[in-house]
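Here the structure is laid out as structure tokens; the discussion comes afterwards.
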Amino acid sequence: KELSLHYLHVLNDTLQQLGCPERFTVEEFKEDLKRMVPWFVAVSPFAFALVAAGAGEDAQDFSGLTSEDFIAGKGNHLVRKLCQGKTISHRIPNYVRQYLALIKSFE
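Counting in this note's numbering, the sequence shown runs from 595 upward without gaps.
Okay, structure coming up:
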């Protein structure tokens, strides 16, 4: 909870430095976090898979692939291997539990 409140403080300070008049209250921040749950749960397996790509037994070599290659599906088999690997299947449930615990800590 302390880390989240620190993040909120830094966010509001940064908005001020950028000249943005908007500021977030703790309640607004809580509501934004709650609204993000479906997005987080949907996106996290893919994001964490790519983060884990650089190390471990599930590592894949994406060198030489361009964004156009990924759009064309040429990297799908590598991404699939990452998403089905041991690293991701063990970590994702823990990441989701931690995120949901963070949201619950605001209640």
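Positions of the beta carbon are idealized from the N, C-alpha and C atoms, including for glycine.
Notebook entry, point to check: So E662 is in the alpha helix (DSSP H); what residue range does that whole segment cover?
Noted result: S661 to I665
Check: Can the beta-carbon of K595 be found closer than 7 Å to that of I697?
Finding: Judged by beta-carbon spacing, I697 lies beyond the 7 Å limit of K595, meaning their Cβ atoms are not closer than that value.
Note to self: Is it buried or exposed, Q682, if we count other Cβ atoms within 10 angstroms and call 16 or more buried?
What the structure shows: In the sequence under discussion, the amino acid at residue 682 is Ile, which differs from the Gln named in the question. The residue in question, I682, is buried, as its Cβ has 16 or more Cβ neighbours within 10 Å.
Notebook entry, point to check: Taking the alpha-carbon positions, what's the H671 to T660 distance?
Noted result: 15 Å
Checklist line | S699 (DSSP reduced to helix, strand or coil) | finding: coil
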